[in-house]
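Residue numbers (our numbering): 842 to 1356.
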């Protein structure tokens, strides 16, 4: 999630190195990968960063500030692609990036990543960990240590069969969410309106990921949220906000403006919340061991009892996993309900699919979800239209990287413009329309699978993908089974805004009519 903070406006990267001025490729390296197949002459000179087109500093200022694209940076991807082509350079505030907005070039980059792919510089997060002597987590760690950590975290989470184990816990949270949703709508003047559904889904997503990671409920869906939980939720939002100020302001200003101090303090609150729940779980595990009982439990119990991670490492990892487990679920479900409310035909088709698989008062299971292709297609289509992180990245860590007729040296930052790629009409006909049927087997078009990869790619892909998908499928199927959705009569079109991650530009208000 926060990697997007470093990439959010599509101009963060690494300082341009002298190696960018010239780049020669040996035959051995030139023959590595399809992109280099045509380079056969020894020391043949290829195009470099200087040969790339791209906006100047003043052009960036014009688009970001004068034209108002600072908060709509994802839209600027398509503007620059049309103006400069599928690959362009961008420099801003002393940082330089190579931008990719073509699916074949994106595939070329990802297929050249090494054993330990690196996405972007997380120095701000690392700064806090070093200051407080805390362990790095799956987003901040790199290299062999990252690979070892990620291998441990993958278990009990990444495989579909393992994600199914959390169906009961997630359905429990969905049940409470539906009760909360019902209370909110009944309290409205009309008795059916829910304002700012994204905020409600945000609480739902926090409760869900906390229940999975800590194996305990934290009260996000209660009418009176516990003070510690409220502080934790507020600290995450504040940390994200202040991280942007700290990123752009020079280091010498940290003793003048309060942003750096507030950034660190809110990180402290996040770790304090996680550490308290970890200590409580350790005490329960020890009580069982003292009584000679078998230690049983899910994710946190596994991490604590496996012996593969220290308590310090568990704390560092859980804090980062918590942050990653919220935005995908909350934003995707918000957009899904927004579009279904405006598309009664698709909504009715989904309702018929759900009740045909789970009639009456039944509650969907993971097995039931596998029989709902339209449900899955809707989530896929929403993630195509609104990838939570509209820009991802890779850093060439092992050698120079060859992209088409260009060669870039080690340590070059390459921004992968997913938003522009997933809305390219060459990849998806009528790319700006909500058409979930395009994902159904009988209607699916043949396109490059890299044209929509909202969870990332390869071993650096989202560790919580399977759980997030299960959570969204369970929630959406049960909401549509209980309510008919209608748009706010006073509302209008809502655009996506790049506030670190892709979010609605204004609150999504919807009517929920009981079926």
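We put the beta carbon where it would ideally sit given N, CA and C, even for glycine. Owing to the predicted nature of the structure, the values given are computational and were not obtained by experimental measurement.
Query: Cβ contact (3+ pairs, closer than 8 angstroms) linking the stretch 1044-1054 and the stretch 1165-1175; Result: yes
Query: Per-residue DSSP class, three states only, for residue 1273; Result: coil
Query: Residue 1325: first and last residue of the uninterrupted beta strand (DSSP E) it sits in; Result: 1324-1328
Query: Residue of 1295, 1268, 1003 and 1280 minimising C-alpha distance to residue 1289; Result: 1268
Query: Simplified DSSP state of residue 860, which is helix, strand or coil; Result: Low per-residue confidence applies at residue 860: pLDDT is 41, beneath 50, and the placement is therefore not dependable, though the value from the model is reported in the following sentence. Helix.
Query: Spatial distance of residue 1353 from residue 1182 (CA atoms); Result: 9 angstroms
Query: Same chain, Cβ closer than 6 angstroms to residue 1322, five either side skipped, listed in chain order; Result: 1195
Query: Residues that residue 1248 bridges to, as DSSP identifies them; Result: 1243
Query: For residue 1307, the three-state DSSP class (helix, strand or coil); Result: helix
Query: Proximity winner among 1105, 1070 and 1072, relative to residue 1085 (alpha-carbon distances); Result: 1105
Query: Cβ-based neighbour list, residue 1299, same chain, cut-off 7 angstroms, excluding 5 preceding and 5 following; Result: 951, 954 and 958
Query: Reduced DSSP category for residue 1208 - H, G, I as helix; E, B as strand; rest coil; Result: helix
Query: Cβ separation of residue 1247 and residue 889, assumed to be a contact under 8 angstroms, to the nearest whole Å; Result: 7 angstroms
Query: Burial state of residue 1287 (16 or more Cβ within 10 Å); Result: exposed
Query: Local Cβ density within 10 Å of residue 1151, reported as buried at 16 or more and exposed below that; Result: exposed
Query: 3 or more residues per run - each beta strand (DSSP E) lying fully within the stretch 1006-1092; Result: none
Query: Residue 976 (DSSP reduced to helix, strand or coil); Result: coil
Query: Contacting residues, own chain, Cβ-Cβ under 8 angstroms from residue 1198 (five flanking each side not counted); Result: 1205, 1209, 1212 and 1213
Query: Candidates 1179, 1120, 1190 and 1256, of which the one nearest residue 1278 by Cα; Result: 1190
Query: Selected residue, minimal CA-CA separation from residue 948, among 1275, 1188, 1022 and 1244; Result: 1244
Query: 4 or more residues per run - each alpha helix (DSSP H) lying fully within the stretch 1163-1244; Result: 1168-1182, 1185-1198, 1207-1210 and 1214-1226
Query: Given residue 1258 as reference, the closest of 891, 1003 and 929 once Cα atoms are compared; Result: 929
Query: C-alpha gap between residue 918 and residue 895, whole angstroms; Result: 12 angstroms
Query: Exposure label - residue 1097; buried when at least 16 CB within 10 Å; Result: exposed
Query: Exposed unless 16 or more other CB atoms sit within 10 angstroms - verdict on residue 882; Result: Any reading at residue 882 must be qualified, since the residue scores a pLDDT of 45, below 50, and its modelled position is unreliable; no value is offered.
Query: Environment of residue 1233 [buried if 16+ CB atoms lie within 10 Å]; Result: buried
Query: C-beta contact flag for residue 1207 and residue 915 at 9 angstroms; Result: no
Query: Beta-carbon proximity of residue 1072 to residue 1114, cut-off 9 angstroms; Result: yes
Query: CA nearest to the CA of residue 1006, picked from 1056, 1079 and 1325; Result: 1056
Query: Through-space distance from residue 1336 to residue 1273, alpha-carbon basis; Result: 12 angstroms
Query: Per-residue DSSP class, three states only, for residue 1351; Result: strand
Query: Sequence-distant residues of the same chain with beta carbon closer than 8 angstroms to residue 1284, five excluded per side; Result: 1278
Query: 9 angstroms Cβ cutoff met for residue 1178 and residue 1326; Result: yes
Query: Contact check, residue 1293 vs residue 1221, beta carbons under 9 angstroms; Result: yes
Query: Span of the alpha helix (DSSP H), counted from its first residue to its last, around residue 990; Result: 984-995
Query: Coil, strand or helix - residue 1256 by DSSP; Result: strand
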